[in-house]
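Numbering follows our numbering, with no gaps: position 72 of the sequence shown is 1525.
Yeah, the Cβ is synthetic: ideal placement off N, Cα and C, and Gly gets one too.
Every value quoted in this text rests on a predicted model; they were computed, and no experiment measured them.
A quick write-up on the structure given underneath.
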Amino acid sequence: MDKTSADLNGAHLNPSSTYGWTFWARADNAGDIVHTELWGGSGHKELVLTAEWKRYQSQGQFKPNYQMLYFWGLDSNKGNVYVKLPYLYKE
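This is the structure:
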């Protein structure tokens, strides 16, 4: 999976608030990993995936000038990882 991001500029996010996000993910090979974070590493997680679709979540704070949400598969993965239906919410 190539690095993927969602540009959230203009979404009127408050950098002093904590945001959570959920998403569905799976991998071609169980055990492969997806990395997710807000720009700058806030809320970063590396999650071990299964070959079946499963819902995951994380949380963090946006930096004022960097309102991006990222997902990517690690270089050490044996196959592709897939992410769908990201949902961002204020905690």
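Distance between beta carbons of residue j and residue i, contact taken as under 8 Å
i	j	result
glycine 1532	alanine 1480	6 Å
phenylalanine 1515	proline 1468	5 Å
Buried versus exposed, by CB contacts within 10 Å (16 or more), residue i
i	result
leucine 1491	buried
tyrosine 1472	buried
aspartate 1455	Note that aspartate 1455 has pLDDT 49, beneath the 50 cutoff, so the model's placement of it is unreliable and the number below is only indicative. Flag for aspartate 1455 reads exposed.
glycine 1526	buried
aspartate 1528	exposed
Test item: CB-CB of residue i and residue j under 9 Å
i	j	result
alanine 1478	tyrosine 1535	yes
histidine 1497	threonine 1489	yes
is_contact[residue i, chain C] using C-beta, thresh 9 Å
i	result
methionine 1521	In summary, chain C is missing from the structure at hand, where a single protein chain is found.
Per DSSP, the bridge partner or partners of residue i
i	result
histidine 1419	The question about residue 1419 has no answer here: the residues shown for the chain are numbered 1454 through 1544.
threonine 1475	Gln1510, Tyr1540
tryptophan 1525	His1488
alanine 1480	Val1534
Residue i Cβ short of 8 Å to the ligand PLP heavy atom set
i	result
serine 1529	The ligand PLP is not among the ligands present in this structure, which contains no ligands whatsoever.
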